[in-house]
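The sequence shown begins at 0 in numbering that gives the first Met the number 0 and counts up one residue at a time.
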Amino acid sequence: MTKHILDLSQHVDLAAKNAEAIEQLSLEHSISLKDAYDIQARSIDLRLERGEKLLGYKLGFTSKAKMEQMGVHELIWGRLTDSMFVENEGNISLSKFIHPRAEPEIAFLIAKDIKEPISFENALEYIEGISCAIEIIDSRYKNFKFSLEDVIADNCSSSAYVLGKWHDPQTNVSDLKMSLNINGEEIQAGNSNAILGHPIESLVEASKVFNSYGVSLKKGMVLLAGAATPAVFLKKGDQVKVECESLGDSTLVVNE
Ligand code: OOG
Ligand code: MG
């Protein structure tokens, strides 16, 4: 890895650590897709070296709603660590974020190591549980603006996630209404099939993409499938609730 990649990894890591917005890397540097994933990998290594644990992965831009909101039209993926995990019904402190947004997601708990691309037909074998989740994204870039390479280098804006109660893998996840409610008001609503046509496709897609990058979903890890609706900015005092019909819900409160 070049010094350039290492420097940029430290730069995005510090921005996340200090919750301080930075300029988009792409404004000053020419970074390829491979560079962007290398920067992400190294910046997460820095977190792991500080004692954080890798708990899973997330996909981004798996729905049209998200692609259109952010102007990026390619599927992206990032890493989840234990410092991002928030208990259901827990809270986050606004001071630890730059400009957090919430989005409704579905999460999968992995039942056994996925070592090669899987198919839609055998995907259920790899799922231990499914839950209705909240993802909090917090781009480290000023004004929440980025290119494809920028957002990948910034670990796909990952900053926090809440998992609802785990449901049986047989639970239907197709055609569920998914809503994002703030302070009791429905702010966004979409359908679970907005996620790649069917949320299970996100696990299938992840298995293919991860195979090509040499990373793997292991037993006990979590995969966030990507948001079904645009994300919504949060402010102090917000009570956030995501509802996914038969998959239940998950909630969090935004503290100072
Ligand atoms: C990038 C992350 C996208 C999703 O669910 O589509 C994402 C962003 O919008 O900042 O997490
Ligand atoms: Mg997301």
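The C-beta atom is built at its ideal place from N, Cα and C for all residues, glycine as well.
- Taking the Cα positions, V241 is about 10 Å away from E134.
- Cβ contact annotation for E102 (same chain, cutoff 6 Å, sequence separation greater than five): E134, A226, A230, in chain order.
- The Cβ atoms of A188 and S178 lie closer than 8 Å to each other.
- Fewer than three pairs of CB atoms, one per stretch, sit closer than 8 Å, so the segment 62-80 makes no contact with the segment 13-30.
- In this structure, I117 lies near V203, with their beta-carbon atoms less than 8 Å apart.
- With fewer than three CB-CB distances shorter than 8 Å, the segment 32-52 does not count as touching the segment 120-135.
- Residue state for L162 is assigned as strand, using DSSP reduced to three classes.
- Contact between D37 and I4 holds, since their C-beta atoms are separated by about 5 Å, short of 8 Å.
- By the CB criterion at 8 Å, D237 and N182 fall inside the cutoff.
- Here the alpha carbons of T170 and A224 stand approximately 16 Å from one another.
- In this structure, DSSP gives D167 a state outside helix and strand, which the three-state scheme calls coil.
- For a cut-off of 8 Å, the C-beta gap from L222 to A205 is around 6 Å, short enough to register as a contact.
- In terms of Cβ geometry, Y56 and L195 do not form a close pair [threshold 8 Å].
- Taken in chain order, the complete alpha helix (DSSP H) segments of 4 residues or longer contained in the segment 81-159 are 147-152.
- Membership of V11 in the alpha helix (DSSP H) is indicated by the continuous run 2-17.
- Between G219 and P168, the gap from beta carbon to beta carbon reaches 8 Å or more.
- About 5 Å separates the CB atoms of D137 and P99; that is less than 8 Å, so the two are in contact.
- When M69, S146, E51 are compared, the shortest CA-CA separation from A35 is found for S146.
- Selection E86, V239, S92 evaluated against E184 yields V239 as nearest (Cα-Cα).
- CA-to-CA, the gap between S82 and A159 works out to about 8 Å.
- In this structure, DSSP gives D37 a helical state, which the three-state scheme calls helix.
- Within the DSSP secondary-structure output, G59 pairs in a beta bridge with I75.
- A distance below 8 Å between beta-carbons, with the five flanking residues on each side excluded, links N190 to the following residues of its chain, in chain order: D174, L175, K176, M177, A227.
- Boundaries of the beta strand (DSSP E) around V239: 238-242.
- Within its own chain, the residues whose Cβ lies closer than 6 Å to the Cβ of I126, once the five positions on either side in sequence are excluded, are F107, A110, P168, listed in chain order.
- With respect to the C-alpha of D112, the residue from G163, N210, N192 having the closest C-alpha is N210.
- If you check the C-beta of C131 against the ligand OOG, you find no heavy atom less than 7 Å away.
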